[in-house]
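For what it's worth, our numbering labels the leading residue of the sequence shown as 17, then goes sequentially.
Ideal Cβ positions, reconstructed from N, Cα and C, are used throughout, including at glycine.
All of these numbers come straight from a predicted model, not from anything done at the bench.
Working notes, beginning with the structure itself.
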Amino acid sequence: MDMLSGVILAGGANRRMKGELKALLPFDGKPLIAQQIETMREICEEMIVVTNEPKPYLNIVDRSVRIITDFFVGHGPLGGMHAALSLAKNASVWVVGCDMPFISSKAGHLLMQRKLDGFEAVVPFVAGEVFPLHGIYDRACASHIVPLLNQGETSVSALLNHVFWSEMGDRFLQENGIDLNFVTNIKTFEDYEILQHGRQLF
């Protein structure tokens, strides 16, 4: 298996979260980001957290986790992804959002295997929707992101129009024993409370 870098995009405080940092919300007794790091470490030998507010994370992540900031500040997840791809040590990079409590290293492994067929990116396609966060990307995608940022793009899905990518469908994932709620993300405080109690969002 090729070496893999794991990236968590930890954006700033979210208005819909009452100003709380999603990454630091307690989940199963520890901050969400600490859980994500544990899961990603199962297949990643390098871990990166992208945030423009590093301070809250310093006491939570251990020193082996690299904390980096955006080169292009204020460009949302796409800006964070550009920084991560530019600085990752490995050619393949697994990128997730900090608001995803059920990320799956098993799904990550399958995405990585598909990428080795020659794709620049592989992303899950679940319930009719593409989930660019929880995708595996080639480090070389960074060069495709710069023109998009210069045009004011902030969303990761914009990148998919400019790279050679493959989707990985929910049927294939389920056949391989993957619980599809790995793509779930917390958008609001209500979502968080629902997920805390073990109920599914979809």
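Worksheet entry | Extent of the continuous beta strand (DSSP E) run through V109 | Counted from its first residue, the sequence shown places residue 109 at position 93. Unbroken beta strand (DSSP E) run through V109: 108-113.
Worksheet entry | L94 vs L175 beta-carbon contact at 8 Å | Within the sequence shown, numbered from 1, the residue matching residue 94 stands at position 78. Within the sequence shown, numbered from 1, the residue matching residue 175 stands at position 159. Less than 8 Å separates the beta-carbon of L94 from that of L175.
Item to complete: Have a look at the DSSP bridge pairing and note the partners of P42.
Response: Residue numbering aside, residue 42 sits at position 26 when the sequence shown is read from its first letter. Beta-bridge pairing links P42 to P47.
Worksheet item: Between which two residues does the alpha helix (DSSP H) carrying G96 extend?
Response: Here residue 96 refers to the residue found at position 80 when the sequence shown is read from its first residue. Note, G96: alpha helix (DSSP H), 92-103.
Worksheet item: Alpha carbon to alpha carbon, how far is Q52 from I83?
Response: Numbered from 1 along the sequence shown, position 36 holds the residue referred to as residue 52. Numbered from 1 along the sequence shown, position 67 holds the residue referred to as residue 83. Going from the Cα of Q52 to the Cα of I83 covers about 15 Å.
Worksheet item: Excluding five sequence neighbours on each side, which residues of the same chain lie with their C-beta closer than 7 Å to the C-beta of M19?
Response: On the sequence shown, position 3 is the one that residue 19 refers to. Hits under 7 Å: E61, N106.
Fill in: 7 Å Cβ shell around C157 - same chain, five flanking residues per side excluded
Numbered from 1 along the sequence shown, position 141 holds the residue referred to as residue 157. Closer than 7 Å at the Cβ level, and outside the excluded window around C157, lie L101, E136, A137, L175, V179.
Discussion item. Going by the DSSP bridge assignment, what does A137 pair with across the sheet?
Written reply: Residue numbering aside, residue 137 sits at position 121 when the sequence shown is read from its first letter. Beta-bridge analysis with DSSP links A137 to Y153, W181.
Discussion item. Here's the rule I'm using: 16 or more other beta-carbon atoms within 10 Å means buried, otherwise exposed. How should L165 be labelled?
Written reply: Position 149 of the sequence shown, counting from 1, holds the residue named residue 165. Flag for L165 reads buried.
Discussion item. Quick check on DSSP: helix, strand or coil for S121?
Written reply: What you label residue 121 is simply residue 105 of the sequence shown in a count that begins at 1. The three-state secondary structure of S121, taken from DSSP, is helix.
Worksheet item: With distances taken from CA atoms, which of S21, G22, G27 is nearest S171?
Response: Residue mapping note: residue 171 aligns to position 155 of the sequence shown, counting from 1. Ranking S21, G22, G27 by Cα distance to S171 puts G27 first.
Worksheet item: What is the C-beta distance between R130 and M184, in whole angstroms, given that I count them as a contact (C-beta under 8 Å)?
Response: Translated into the one-based positions of the sequence shown, residue 130 becomes position 114. Translated into the one-based positions of the sequence shown, residue 184 becomes position 168. That pair is a contact at about 6 Å.
Discussion item. DSSP three-state label for E191, please.
Written reply: Here residue 191 refers to the residue found at position 175 of the sequence shown. Helix.
Discussion item. Using the three-state DSSP reduction, which class does E10 fall into: helix, strand or coil?
Written reply: Because the chain spans 17 through 218 in this model, residue 10 falls outside it and cannot be assessed.
Item to complete: Per DSSP, which residues does M63 bridge with? Please list them.
Response: By 1-based counting over the sequence shown, the position of residue 63 is 47. Beta bridge pairing from DSSP links M63 with G22, V81.
Item to complete: Would you tell me roughly how many angstroms separate the C-alpha atoms of S120 and P163, rounded to the nearest one?
Response: Numbered from its first residue, the sequence shown carries residue 120 at position 104. Numbered from its first residue, the sequence shown carries residue 163 at position 147. S120 and P163: Cα-Cα distance of roughly 31 Å.
Practice prompt. Report, in whole angstroms, the separation of the C-beta atoms of V7 and Y153, which I expect to be a contact under 8 Å.
Written response: An answer regarding residue 7 cannot be provided, because it is not within the stretch 17 to 218 covered by the chain.
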